[in-house]
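**Q** Note that our numbering numbers the sequence shown so that position 286 is 286, with each residue one more than the last.
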Amino acid sequence: MIGSGYMGKVHAAAFRAAASVFDLSATPSLEMLADIDEETARIAGQALGASRTTGDWRALVADPDIDLVDITAPNLLHEEMALAAIEAGKNVYCEKPLAPTSAGSKRMVDAAEAAGIRTMTGFNYLKNPITALAKEIIEGGEIGEVFAMRGWHFEDYMLDPETLVNPWRFDPHSGDGVTADLGSHIISMARYLVGPIESVTADRDIVIPQRELDGEMRPVEVADQFRALIRFEDGAKGTLEASWIAPGRKMAIGVEVWGTAGSLYFDFERLNELHLYTTDQPRGREGFKLILAGPAHQDFASFTPAPGHQLSFNDLKVIEVRDLVEGMMATNPPPWPDFREAWEVQRVVDAILRSSADRGWATIADS
Ligand SMILES: NC(=O)c1ccc[n+]([C@@H]2O[C@H](COP(=O)([O-])OP(=O)(O)OC[C@H]3O[C@@H](n4cnc5c(N)ncnc54)[C@H](O)[C@@H]3O)[C@@H](O)[C@H]2O)c1
1 MIGSGYMGKV HAAAFRAAAS VFDLSATPSL EMLADIDEET ARIAGQALGA
51 SRTTGDWRAL VADPDIDLVD ITAPNLLHEE MALAAIEAGK NVYCEKPLAP
101 TSAGSKRMVD AAEAAGIRTM TGFNYLKNPI TALAKEIIEG GEIGEVFAMR
151 GWHFEDYMLD PETLVNPWRF DPHSGDGVTA DLGSHIISMA RYLVGPIESV
201 TADRDIVIPQ RELDGEMRPV EVADQFRALI RFEDGAKGTL EASWIAPGRK
251 MAIGVEVWGT AGSLYFDFER LNELHLYTTD QPRGREGFKL ILAGPAHQDF
301 ASFTPAPGHQ LSFNDLKVIE VRDLVEGMMA TNPPPWPDFR EAWEVQRVVD
351 AILRSSADRG WATIADS
């Protein structure tokens, strides 16, 4: 594993938990942890249970005892690290956004596919049993033919201009702020539940023009929020929004899907709940039904047999790691979402930026 910040810790915990929650085909072990320098790696490696540590990620990538390289470093480093890992013949698990641009993401896809390397990207919200339930309801036709979708991802962790969470997020070379960060999550959700996106027209902006970086107030170049109208390839329409300065919103990934026979919605500030409406209800008794995640839903029972006992964010990573480990077995289908899917997401991010700059519609095929 490369990186031991927020995601590094979540990944390490997920690798440990996956082997006890699920019956895995292979038991993962954290063979080596790389971080920015030897001391950081040593301290984090001790806490996270790494067998060995290094201050040089290239040594990790080259190490013959490593089968899988897990990249939890800042966005800007993903491409270089992944390409080196692929060249060394290692399978790669990489956090989202895959790379700051669609072009960079495509280079990673091409390298992995040419080398026959299996890959996975950390779109963990797709692994929520409630997301799987929503997909099952949509694909089973329970809400009829889908014609519209609204999606949003709102948090407020960047609201205070003087307290920066991860200064690297403000380097424009790392991706366009919230568009790359939270935008990639909600785009992946839209693609998963409704399908490929054909075009967008979007407006992204910087609301807080200066932030404290390296001890002084500096101009900001990356977006705090965006709004986009989207057209899906199958003709459905939708909106996508993201903000990291939405006051009071802590982890609001919300989706509402409308079909000819009903609708569903969820908001992952309550990530064990799905609301379902169908048009076949008796007159005067119509209403949304609240469904709580339980053992009848995908993967829930592996954690607990007790309905309504609530999975957490970290559990979604455990499910993701199960899919990763199983997908690394040569006899199994590869894991998903892979680098190709993450590139498709990044193409939409790029189209949002193009559209916002040009004040018009942008086609995803041009990204
Ligand atoms: N899937 C999710 O829900 C989710 C949530 C948060 C972050 N992320 C993604 O995870 C990645 C990391 O985000 P984070 O919040 O953990 O960041 P972070 O800043 O907390 O951690 C980054 C880690 O990478 C290390 N690092 C930096 N440069 C390095 C180098 N040259 N060599 C080795 N290590 C280096 C840092 O020292 C740190 O340990 C980002 O791509 C981010 O978008 C995903």
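Don't be surprised by glycine CBs; every beta carbon is placed ideally from N, CA and C.
Please read all numbers here as calculations on a predicted model, not as lab measurements.
So what does DSSP say about M120, is it helix, strand or coil?
**A** Numbered from its first residue, the sequence shown carries residue 120 at position 120. Three-state DSSP puts M120 in a strand.
**Q** For D234, is the beta carbon positioned less than 7 angstroms from some heavy atom of ligand 1?
**A** For this step, residue 234 is matched to residue 234 along the sequence shown. Not under cutoff, so the answer is no.
**Q** Shorter than 7 angstroms, the distance from the beta carbon of A34 to the closest heavy atom of ligand 1, or not?
**A** As a first step, residue 34 is located in the sequence shown; it is residue number 34 there, counting from the start. Yes, the Cβ of A34 comes within 7 angstroms of a heavy atom of ligand 1.
**Q** Pop quiz: S102 and R347 are said to be a contact at Cβ under 8 angstroms. What is the actual Cβ separation, rounded to whole angstroms?
**A** Locating residue 102 in the sequence shown gives position 102, where the first residue counts as 1. Locating residue 347 in the sequence shown gives position 347, where the first residue counts as 1. Their Cβ separation, rounded to whole angstroms, is 5 angstroms, which keeps S102 and R347 in contact under 8 angstroms.
**Q** Can you tell me whether L133 is buried or exposed? The criterion is at least 16 other CB atoms within 10 Å of its CB, across all chains shown.
**A** Taking the sequence shown and counting its residues from 1, one reaches residue 133 at position 133. Classification for L133: buried.
**Q** From the DSSP secondary-structure annotation, give me the bridge partner or partners of T54.
**A** Locating residue 54 in the sequence shown gives position 54, where the first residue counts as 1. Looking at the DSSP assignment, T54 forms a beta bridge with A34.
**Q** Quick one: Cα of L83 to Cα of A330, how far?
**A** Counted from its first residue, the sequence shown places residue 83 at position 83. Counted from its first residue, the sequence shown places residue 330 at position 330. Rounded to the nearest angstrom, the two C-alpha atoms are 21 angstroms apart.
**Q** Around the Cβ of A34, are there at least 16 other Cβ atoms within 10 angstroms (buried) or fewer (exposed)?
**A** The residue you call residue 34 lines up with position 34 of the sequence shown. When all chains shown are included, A34 counts as buried.
**Q** Tell me whether the beta-carbon of Q225 lies closer than 8 angstroms to the beta-carbon of I245.
**A** Position 225 of the sequence shown, counted from the start, is the residue given in the question as residue 225. Position 245 of the sequence shown, counted from the start, is the residue given in the question as residue 245. Against a cut-off of 8 angstroms, the Cβ pair of I245 and Q225 comes out as a contact.
**Q** Identify whether H173 lies in helix, strand or coil by the three-state DSSP scheme.
**A** For the purposes of this step, residue 173 is taken as residue 173 along the sequence shown, with counting starting at 1. Reduced to three states, the DSSP call for H173 is helix.
**Q** Out of G122, L229, G248, which one is the CA nearest neighbour of T201?
**A** For this step, residue 201 is matched to residue 201 along the sequence shown. Comparing Cα positions, the closest option is L229.
**Q** Since L77 is in the alpha helix (DSSP H), which residue starts that stretch and which ends it?
**A** Taking the sequence shown and counting its residues from 1, one reaches residue 77 at position 77. Where L77 is concerned, the enclosing alpha helix (DSSP H) stretches over 75-87.
**Q** Where does the unbroken beta strand (DSSP E) through D267 begin, and where does it stop?
**A** The count along the sequence shown starts at 1 and reaches residue 267 at position 267. Counting along the chain, the beta strand (DSSP E) containing D267 begins and ends at 262-267.
**Q** To the nearest angstrom, how far is the alpha carbon of T40 from that of G55?
**A** Within the sequence shown, residue 40 is the residue found at index 40, counting from 1. Within the sequence shown, residue 55 is the residue found at index 55, counting from 1. Distance between the alpha carbons of T40 and G55 is about 8 angstroms.
**Q** Just list the alpha helix (DSSP H) runs in the region 251-328, keeping only unbroken ones of 4 residues or longer that don't cross its boundaries, in chain order.
**A** Qualifying alpha helix (DSSP H) stretches, in chain order: 300-303, 313-328.
**Q** Indicate whether Y125 and I253 have their beta-carbon atoms separated by less than 8 angstroms.
**A** Position 125 of the sequence shown, counted from the start, is the residue given in the question as residue 125. Position 253 of the sequence shown, counted from the start, is the residue given in the question as residue 253. Contact: yes.
**Q** Please classify P97 as buried or exposed, where buried requires at least 16 other C-beta atoms within 10 Å of its C-beta.
**A** Residue numbering aside, residue 97 sits at position 97 when the sequence shown is read from its first letter. The residue in question, P97, is buried, as its Cβ has 16 or more Cβ neighbours within 10 Å.
**Q** Can you round the beta-carbon distance between A180 and N75 to whole angstroms, since I take them to be within the 8 angstroms contact cut?
**A** Here residue 180 corresponds to residue number 180 of the sequence shown, with the count starting at 1. Here residue 75 corresponds to residue number 75 of the sequence shown, with the count starting at 1. The Cβ separation is near 7 angstroms, so the contact holds.
**Q** Hey, would you say the C-beta of E145 is under 7 angstroms away from at least one heavy atom of ligand 1?
**A** One-based indexing of the sequence shown puts residue 145 at position 145. Checking every heavy atom of ligand 1 against the Cβ of E145, none is found closer than 7 angstroms.
**Q** Answer yes or no: does any C-beta atom of chain C fall closer than 8 angstroms to that of G55?
**A** The structure shown contains no chain C; it is built from a single protein chain.
**Q** Just to confirm, are E320 and A14 a CB contact at a threshold of 8 angstroms?
**A** Counting from one through the sequence shown, the residue named residue 320 turns up at place 320. Counting from one through the sequence shown, the residue named residue 14 turns up at place 14. Yes, they are a contact pair.
**Q** Can you give me the Cβ contacts of I86 inside the same chain, cut-off strictly under 7 angstroms, excluding the 5 residues immediately before and after it?
**A** For the purposes of this step, residue 86 is identified with residue 86 of the sequence shown, where counting begins at 1. Result list for I86: V92, A111, A112, A115, I117, in chain order.
**Q** How about the region 139-153 and the region 183-199: do they share at least three Cβ pairs that are nearer than 8 angstroms?
**A** Taking 8 angstroms as the limit for Cβ pairs, the verdict is that the region 183-199 does touch the region 139-153.
**Q** When you compare the region 58-76 with the region 2-13, are there three or more beta-carbon pairs, one atom per stretch, that lie closer than 8 angstroms?
**A** The region 58-76 vs the region 2-13: in contact.
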